[in-house]
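The numbering of the sequence shown is our numbering, which starts it at 619 and goes up by one.
Beta carbons: idealized from backbone N, C-alpha and C, even for Gly.
Okay, structure first, notes after.
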Amino acid sequence: MKLAIIVVSWNTSELLAACLKSVYAYPPQCDFEMWVVDNASKDDSVAMVQQHFPQVRLIVNEANVGFAQANNQAICDSDSEYVLLLNPDTEVKPGAIQHLIDFIEAHPKVGATGSRLLNPDGSLQISCHPMPTLAREFWRMFYMDDFFPYGRYPMRRWDMETPRDVDVIQGASFLLRRTVLNTVGFLDDTYFMYSEEVDLCFRLQKAGWR
């Protein structure tokens with residue numbers, strides 16, 4: 619299997635349905651499987667997936683185990699060459715997933731890559747940021763990071779039309795090589811939600827990957 623696409627859901631039935639519909643409408647050109655890990659949703663997320671997307675590999679947790687652990691469950695159960703983490707509120711554009719695959723396969727030193735993210739109105743959404751440091755967090759706390767070129771925590775000033783190296787990729791759309799995950803480890807599930815991609819990107823860079 620070339621690609622496993624993993625979505626963690628928690629009470630996001632309508633958004634999840636739109637996400638899955640977009641993936642199957644604009645699938646990659648490689649073989650792939652879709653995984654949904656439901657974190658004890660109280661809405662009809664599980665029933666919706668079972669009824670409308672029976673081809674999806676579904677993991678149903680009895681408790682909300684958090685973003686990192688839920689993703690790790692599907693990563694462990696799948697055996698694909700690449701893993702794409704998607705948020706349930708994302709909708710993919712035509713060719714978007716295949717473009718990520720093509721890019722990472724053309725750049726063997728790249729261990730992970732992400733997408734340009736757009737808001738519903740077409741405006742740019744933050745998709746990457748610098749690695750946090752004590753100094754950067756201090757300046758950001760007092761809203762003074764605007765005074766430093768490329769220093770602002772969310773990278774709004776960058777040209778988003780061309781690929782570039784970044785420190786941290788947002789987990790909303792995050793493509794990883796399985797060989798990287800097997801080397802540096804999966805998402806650290808001591809992070810229940812948020813910052814797990816910061817930790818993973820730090821370990822990835824420390825191991826020499828871009």
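For residue i, the first and last residue of its enclosing alpha helix (DSSP H)
i	result
Asn679	Careful: Asn679 lies outside any alpha helix (DSSP H), inside the beta strand (DSSP E) at 675-679.
Val667	663-670
Under 7 Å between C-beta atoms of residue i and residue j
i	j	result
Pro646	Ile693	no
Asp649	Lys620	yes
Ala790	Ser696	no
Val798	Gly729	yes
Val674	Met652	yes
Backbone secondary structure at residue i - three-state DSSP
i	result
Thr808	coil
Asp656	strand
Phe820	helix
Ser791	strand
Tyr644	coil
Thr731	strand
Glu699	coil
Val802	helix
Glu723	helix
Ser741	coil
Backbone CA spacing between residue i and residue j [nearest angstrom]
i	j	result
Arg828	Ala636	32 Å
Asp807	Ala681	14 Å
Leu742	Glu815	20 Å
Val626	Arg821	22 Å
Leu676	Asn689	12 Å
Ala665	Val654	12 Å
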